[in-house]
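Chemist:
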Amino acid sequence: MKLFNALFHSSLGKKYVMGMTGLALFGFVIGHMLGNLQIFLGPDKINAYGAFLKSMPKLLWAARISLLACVFLHITSAISLVRDNRRARPVAYQVRQARSTTFASRTMIWSGLIVLSFIIYHLFDFTISPDYKGVDSEGRHDIFAMVV
30 MKLFNALFHS SLGKKYVMGM TGLALFGFVI GHMLGNLQIF LGPDKINAYG
80 AFLKSMPKLL WAARISLLAC VFLHITSAIS LVRDNRRARP VAYQVRQARS
130 TTFASRTMIW SGLIVLSFII YHLFDFTISP DYKGVDSEGR HDIFAMVV
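Residue numbers for the sequence shown follow the working numbering, so the first one is 30 and each next one is one higher.
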């Protein structure tokens, strides 16, 4: 219970949760990209990769649930941190000085919303309701034709 309180009820814990979930999501993106780069090796490789993933439904669902948990924890930690920061100083400073923050940190909310929008689109386009139902010569889902 102490660990739970430390992680989810302290500012530092929430930042730790955001960092770890962000790192996990980044790792997924790299792995996903490496798998999808097989498209350049031809239809057989990418279709075999898709069939390989589909042959392990339990592992696939465990990964999906883990990713959803990471996204949920990342977003809720971010919202909680922003809310805590605004509660700590509800009145803006009178003199606005140049901040020593980066452009990336100042626009993080917008880049996060763009990434979330793309994820939703990507899931609908390729996973949830694919319009393309083609199969290759070996009867596997034809990912190559769907992408190209």
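The beta-carbon is built from N, C-alpha and C at its ideal position, and this holds for glycine as well.
Since the structure is predicted, the reported quantities are computational estimates derived from the model, not experimental observations.
So which of Ala-80, Phe-101 and Met-62 has the shortest CA-CA distance to Asp-165?
Modeler: Translated into the one-based positions of the sequence shown, residue 165 becomes position 136. Of the listed residues, the one whose Cα sits closest to Asp-165 is Ala-80.
Chemist: Expressed to the nearest angstrom, what Euclidean distance is found between the alpha-carbon atoms of Leu-54 and Ala-98?
Modeler: The residue given as residue 54 occupies position 25 in the sequence shown. The residue given as residue 98 occupies position 69 in the sequence shown. Going from the Cα of Leu-54 to the Cα of Ala-98 covers about 10 Å.
Chemist: Classify Val-177 as helix, strand or coil using the three-state DSSP reduction.
Modeler: By 1-based counting over the sequence shown, the position of residue 177 is 148. Reduced to three states, the DSSP call for Val-177 is coil.
Chemist: When the Cα atoms are used, what is the spatial distance from Leu-102 to Val-46?
Modeler: Position 73 of the sequence shown, counted from the start, is the residue given in the question as residue 102. Position 17 of the sequence shown, counted from the start, is the residue given in the question as residue 46. The straight-line gap from Cα to Cα measures roughly 7 Å.
Chemist: Under 7 Å between the Cβ atoms of Lys-43 and Ser-140?
Modeler: On the sequence shown, residue 43 is found 14 positions in, with the first residue counted as 1. On the sequence shown, residue 140 is found 111 positions in, with the first residue counted as 1. No, these two residues do not count as a Cβ contact at 7 Å.
Chemist: Have a look at Thr-105 and Asn-65 and give me their C-alpha separation to the nearest angstrom.
Modeler: Locating residue 105 in the sequence shown gives position 76, where the first residue counts as 1. Locating residue 65 in the sequence shown gives position 36, where the first residue counts as 1. Each residue's Cα considered, the two are about 29 Å apart.
Chemist: Taking the CB atoms as reference points, tell me whether Asn-16 and Phe-173 lie closer together than 7 Å.
Modeler: For residue 16 there is no data in the structure shown, the boundaries of the chain being 30 and 177.
Chemist: What residues match up with Val-164 in a beta bridge as DSSP calls it?
Modeler: Stepping through the sequence shown from its first residue, residue 164 is reached at position 135. In DSSP, Val-164 forms a bridge with His-170.
Chemist: At what residue ranges does the stretch 89-118 contain a whole run of the beta strand (DSSP E), taking only runs of 3 or more?
Modeler: Qualifying beta strand (DSSP E) stretches: none in this window.
Chemist: May I ask which residues mark the beginning and end of the alpha helix (DSSP H) holding His-61?
Modeler: To locate residue 61, count along the sequence shown from 1; it is residue 32. Here the alpha helix (DSSP H) through His-61 covers 40-65.
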